[in-house]
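Notes follow once the structure below has been shown.
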Amino acid sequence: MSNIVAIVGRPNVGKSTLYNRLTESRKAIVDDFSGVTRDRHYGVSEWTDQKFTVIDTGGYVANSDELFEVAIREQVLIAIEEASVILFMVDVTTGITDLDDEIANILRKGKKPVFVVVNKLDNNAQMADATEFYSLGLGEIFTISSMTGSGTGELLDEVVKHF
Ligand code: GDP
Ligand code: MG
């Protein structure tokens, strides 16, 4: 399938929650190399009659901070290679972290469309906090709650335009 949406971001931002919401599939492909466990989940989703593959990256298990960062960098580079659209997920409750900045730097050099997805917007009061993510320099941001599903329809409407 040629329409591929990859969800990238540091641990705990809600990537798997969104993936499960989009695919309702929990198949795992685990691949061991050099002390790092890469864990990528592939599922199928559909929006407005358009089918696409969703990739959940993460589940990183590494035995040092350095390997951990290597693992995330690797996942982001693979996403840039194989995805048609990249969802870069960040967390409104923590704001921008150093790791977010690092991932943003890698994504900015890639040629694929990137959507900044600000997650955990469970109520409208957090909307003002979301604007800080414009400073990642990746363009428009989309605010969602993976938990409730709010905002995901507006996001997918834009994503499918890139297929
Ligand atoms: P991942 O490591 O990026 O895959 O993140 P997970 O999907 O495993 O979620 C990490 C934690 O954030 C879990 O405890 C989720 O329940 C929580 N979480 C995910 N999405 C939301 C959301 O929209 N709102 C809130 N409040 N919590 C969320
Ligand atoms: Mg996960």
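Each residue of the sequence shown is one higher than the one before, counting from 14 in this note's numbering.
Just so it is clear, CB atoms sit at the ideal spot from N, CA and C, and this is done for glycine as well.
Please indicate yes or no: does the CB of S159 lie closer than 6 Å to some heavy atom of ligand 2? Flag unset: Cβ of S159 not near ligand 2.
On the three-state DSSP scale, how would you describe T70? T70 falls in the strand class under three-state DSSP.
Coarse secondary structure for T161, derived from DSSP in three states: Coil, per DSSP.
Where Y235 falls, given that 16 or more other Cβ within 10 Å makes a residue buried: In the structure displayed, the chain extends from 14 to 176; residue 235 sits before or after that span and is not available.
Under three-state DSSP, which class holds T156? The answer is strand: DSSP assigns T156 an E or B state.
So what's R53 in DSSP terms, helix, strand or just coil? Looking at R53 - three-state DSSP - the assignment turns out to be strand.
In angstroms with no decimal places, state the Cα-to-Cα distance between E94 and M160. Rounded to whole angstroms, E94 and M160 show a C-alpha spacing of 29 Å.
Would you list the one or two residues that DSSP bridges to E59? Its beta-bridge partners are K64.
Among residues of its own chain, excluding the 5 on either side of W60, which ones have a beta-carbon nearer than 6 Å to its beta-carbon? Its chain contains L169, V173 as the residues whose beta carbon lies nearer than 6 Å to that of W60, once the 5 sequence neighbours on both sides are disregarded; these appear in chain order.
Determine the burial state of H54: buried for a count of at least 16 other Cβ atoms within 10 Å of its Cβ, exposed for fewer. Counting of Cβ neighbours within 10 angstroms places H54 among the buried residues, the total reaching 16 or more.
Buried or exposed: which applies to D111, given that a residue is buried once 16 or more other Cβ atoms fall within 10 Å of its Cβ? Per the 10 Å Cβ criterion, exposed.
The alpha helix (DSSP H) that contains D114, what's its start and end? For D114, the uninterrupted alpha helix (DSSP H) segment begins and ends at 111-122.
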